[in-house]
Amino acid sequence: MKYGICVGAGHFEVAARCGFGYVEPSAAAMRAFTPEALRDARAKADAAGITIDGYNGYFDGSVSLYNDSLERIAEYARGNVAVAQVLGGNYFVFGSGGPRSVPQGMERERATERLLQVADVLGAEAATIGADIYVEPLRYAESNILNTLKETMQFCRTLGRANVRPLVDVFHFYMNGEDINDFALLQPGELGHVHIARPNPDRAAPDSADVDALRTYAAAIKRAGYCGRVSLECSWAKGLTDDSAKAAVAAIAAAFD
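Letter by letter, the sequence shown follows residues 19 to 275 of the numbering used here.
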């Protein structure tokens, strides 16, 4: 297993210093950087001795997934690919709860069909650099479609594109009240990526007090055959400090190892 953290360029050094193996910044944030700023961000990661493995935050709100053309969406996707060509990384997380939520008045079946087309476009553009798209189920409070692991598994299976696979986020899974046994429905190699925070409405970084709760999820994830990356995606109400970061990575490692 490899443990990373979702942070921007300003925290690459603390991530490396505190024991994380990679960083996962926001694609939407990084694409707003100038070419020079992107090169500087890459230099920061290199100097810190940490890799940029992938990206969350796919869409920045400038594209309408339901109203814009698929070519416009492909053009946007190529912008994210261009970021990865500078910074590195071989995956993109497709969460983006607001942009993907079904507009009022649109039939769910039609919305699902459109999102399948969008995911196919994202997968095709990611494939040009050998990257994957991980579709993230989001809690009901953040989106009205692709909320559960089961729903997202079926979505990806229907699409049938090898580089578009489901992600599981422990926080969203917990908040939705999903059944831990749903992990057993995953086929070997089907789960693409994991996001984690402590299973609590505060979505805080875990510490030693959360290890037992996390072990339940970790065991189910490992039984599904997953042995890849686990990214800490959480809130930092008291700020991201060395102490809190070290406690978090230690808790995650204790739960999974």
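The beta-carbon is built from N, C-alpha and C at its ideal position, and this holds for glycine as well.
Point to revise | TYR94: first and last residue of the uninterrupted alpha helix (DSSP H) it sits in | key: 88–105
Check your understanding: Hey, would you say GLY115 sits closer than 8 Å to SER161, going by beta carbons?
Key -> yes
Exercise for review: List in chain order: all unbroken alpha helix (DSSP H) runs of 4+ residues lying wholly within the segment 203–268.
Suggested key: 229–241
Point to revise | Straight-line gap, ASP71 to PRO206 (C-alpha atoms, nearest Å) | key: 22 Å
Point to revise | Residues that DSSP places opposite GLY22 in a beta bridge | key: TYR40 and SER249
Practice item. Using three-state DSSP, classify ARG179 as helix, strand or coil. Key: coil
Practice item. Would you mind sorting ASP275 into buried or exposed? The rule is 16 or more other CB atoms within 10 Å of its CB. Key: exposed
Practice item. Could you check what DSSP says for ASP200 in three-state terms: helix, strand or coil? Key: helix
**Study point:** Contact the segment 104–123 vs the segment 46–64: 3+ CB pairs below 8 Å
**Key:** yes
Point to revise | Segment limits, alpha helix (DSSP H) that includes ASP30 | key: Checking the displayed sequence, the identity of residue 30 turns out to be Phe instead of Asp. Element bounds for PHE30: 30–35.
Check your understanding: What do you reckon, are the CB atoms on VAL182 and ALA137 nearer than 8 Å?
Key -> yes
Check your understanding: If we count Cβ pairs, one from each stretch, closer than 8 Å, do we get three or more for the segment 212–229 versus the segment 194–204?
Key -> no
Review point. Where does GLY67 land, buried or exposed, given buried means 16+ other C-beta within 10 angstroms?
Key: exposed
Review point. Taking VAL212 as the reference, which of ALA33, GLU42, ALA95 and ALA27 has the closest Cα?
Key: GLU42
Check your understanding: CYS36: buried (16+ other C-beta within 10 angstroms of its C-beta) or exposed?
Key -> buried
Point to revise | Separation of GLY123 from LEU30, as counted between CA atoms | key: Correcting the residue identity first, residue 30 is Phe in this sequence and not Leu. So the alpha carbons of these two residues sit roughly 43 Å apart.
Check your understanding: When burial is assigned at 16 or more other CB atoms within 10 Å of the CB, is GLY141 buried or exposed?
Key -> buried
Exercise for review: Could you pull the start and end residues of the beta strand (DSSP E) that TYR158 belongs to?
Suggested key: Per DSSP, TYR158 belongs to no beta strand (DSSP E) and is neither H nor E.
Check your understanding: Looking only at C-alpha atoms, which of ARG233, SER253, ALA236 and ILE163 sits nearest to GLY356?
Key -> The requested residue 356 does not occur in the structure, where the chain is confined to residues 19 to 275.
Exercise for review: Determine which residues share a DSSP beta bridge with GLU69 and list them.
Suggested key: Looking at the sequence itself, residue 69 is Thr, so the reference to Glu does not match. THR69 pairs with TYR40.
Practice item. In the DSSP assignment, find the alpha helix (DSSP H) that holds TYR109 and state where it starts and stops. Key: Note, TYR109: premise wrong, no alpha helix (DSSP H); beta strand (DSSP E) at 109–112.
Check your understanding: Looking at ALA231 and PRO217, is the spacing between their C-beta atoms short of 8 Å?
Key -> yes
Practice item. Below 8 Å on the Cβ atoms is my guess for ASN165 versus ARG157; work out the distance and round it to an integer in Å. Key: 7 Å
Practice item. Could you check the C-alpha separation between PRO117 and THR234 for me, to the nearest Å? Key: 32 Å
Exercise for review: Would you mind sorting ALA266 into buried or exposed? The rule is 16 or more other CB atoms within 10 Å of its CB.
Suggested key: buried
Review point. Nearest-angstrom Cα distance between CYS245 and ASP260?
Key: 26 Å
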